[in-house]
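**Q** Before anything else, here's the structure in question.
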Amino acid sequence: MKTPSLSHLRPSDYMNVYEPSEDTFLLLDALEAEADAGLLKDATVCLEVGSGSGCVSAFVGMLLKTCVLLATDINPHATSASLQTGIKNNVHIDPVLSHFASAFGSRLAGNVDLLIFNPPYVVTPSDEVGSNGIEAAWAGGVDGMEVTSKFLPLVNDLLSANGLFYLVTVRENKPLEIMREMRDTYGLFAKVVLTRRAGIEGLAIVRFSRTEI
Amino acid sequence: MLMCHVKGCSTDNFPLRIEDAEMEQVEVEFNEDFCRRLINKIDWPAFVQTAFALGLDQLPAALPDDLDEEFLQRIHKLALETKLKAGRMVCNGCKHVYLITDGIPNMLLQETEV
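Residue numbers (full-length UniProt numbering), protein chains in the order written: chain P, 1 to 213; chain G, 1 to 114.
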């Protein structure tokens, strides 16, 4: 599957929106492999948290053809880019300016078939976390987990019965600990579906599900 | 689908009332199976209420048992082909206003509201 076209985004856009990079492409590769394995075929509602350029949501739209694509971001440049990327690639993305999934309240509970989060995972000083600008795309604070650890408690409520959650991690995030925590607290099964070394980053895509796959 | 999430606002916060709506029709390929799956995820009373308030369609108060293709086409048009380009979404509970600009709802709150 081709990577979505982002030719409408200019260098000036990437001053405000995270430019798809190795982590993004690893996530696309993982999603494509999962789709090829038939795991995503009945996905009706996809929610991508922190959609940035919209590259991942557009890719999901291209992979699945029919799927409601909800994309949230706290950065207005990002929601705007996500909308444009959908249009550019003939995919209907519904971006919402929102923190995580809070815009939907309990309305999405148990309804998300495909949940995707490529979080700000880079280890940074804590005071760099929490802006609405482009730093929010990478600044993860202590262990690179300050944002992710706030999102993880929401996952179990959002996922549908067959729902799958894909999370991008780096080694510093201690993915094995995340997996154990999600299993012990919520009974979610976790599996590393793809890993890659990119420069100094040891990237891993982790999948969480209600049943063992 | 969007719900008011102002702190302490817990009654009458869904669906949000849409005002000054500017709508746009887009074309999406119809897929019957997908539409059937989607209906199961829709809050039917809220959907009926919103479609009526926007002057788009008058749907039955209860979801029919037998969903024929004609009915699914109506749902398809409303749920997938009708987009809100601009407008205001008002919470009936706490009166908070959320704006939709250039097709994107802004559901961010000030820190004091969270």
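The beta-carbon is built from N, C-alpha and C at its ideal position, and this holds for glycine as well.
Name the residue from G:P105, G:A51, G:P45, G:A61 whose alpha carbon lies nearest to the alpha carbon of G:K85.
**A** Residue G:P105 is the option with its Cα nearest to G:K85.
**Q** Answer with yes or no whether the minimum CB distance from G:F14 to chain P is below 9 Å.
**A** Yes, because at least one Cβ of chain P sits closer than 9 Å to the Cβ of G:F14.
**Q** Tell me the residue span of the beta strand (DSSP E) that contains P:T169.
**A** Its beta strand (DSSP E) spans residues 159 to 170.
**Q** Do P:S82 and P:S102 have their CB atoms nearer than 9 Å?
**A** Not closer than 9 Å, so no.
**Q** Please list the terminal residues of the continuous beta strand (DSSP E) segment that includes P:R54.
**A** Reading off the sequence, residue 54 of chain P comes out as Gly, not Arg. Premise fails: P:G54 is in no beta strand (DSSP E) and is neither H nor E.
**Q** From the beta carbon of G:K95, is the nearest beta carbon of chain P less than 9 Å away?
**A** G:K95 does not count as touching chain P.
**Q** So, under 8 Å CB-CB, P:T24 and P:C55 are touching, yes? Tell me the CB distance rounded to an integer number of Å.
**A** Yes, P:T24 and P:C55 are in contact; Cβ-Cβ is about 6 Å, under 8 Å.
**Q** Does the count of Cβ pairs from the stretch 59 to 70 of chain P and the stretch 119 to 133 of chain P closer than 8 Å reach three?
**A** Cβ pair count under 8 Å is below three, so no.
**Q** Take the Cβ of P:E146 as the centre, count every other Cβ of all protein chains shown within 10 Å, and call the residue buried at 16 or more, exposed below.
**A** Under this definition P:E146 is a buried residue.
**Q** Does any residue of chain P bring its CB to less than 9 Å from the CB of G:K77?
**A** It does not; no Cβ of chain P falls within 9 Å.
**Q** Kindly indicate which three-state DSSP category P:Q84 falls into: helix, strand or coil?
**A** Three-state DSSP puts P:Q84 in a helix.
**Q** Could you give the distance in angstroms between the alpha-carbon of G:A79 and the alpha-carbon of P:P20?
**A** When rounded, the distance between both Cα atoms is 30 Å.
**Q** First and last residue of the beta strand (DSSP E) that includes P:A137?
**A** P:A137 -> no beta strand (DSSP E), and no H or E assigned at all.
**Q** What does DSSP give as the partner residues of P:L27 in its beta bridges?
**A** None, per the DSSP bridge assignment.
**Q** Evaluate P:G199 with the Cβ neighbour count: other Cβ atoms within 10 Å of its Cβ, from every protein chain shown; 16 or more gives buried, anything less gives exposed.
**A** With fewer than 16 other Cβ atoms within 10 Å, it is exposed.
**Q** Would you mind reading off the limits of the beta strand (DSSP E) that contains P:F46?
**A** Note on residue identity: the sequence assigns Cys, not Phe, to residue 46 of chain P. Taken as a continuous stretch (DSSP letters only), the beta strand (DSSP E) holding P:C46 covers 45 to 49.
**Q** Three-state secondary structure (DSSP) at G:Q110?
**A** Coil.
**Q** Quick one, which residues of the stretch 17 to 43 of chain P are near chain G if we go by CB-CB under 8 Å, in chain order?
**A** Listed in sequence order: D42.
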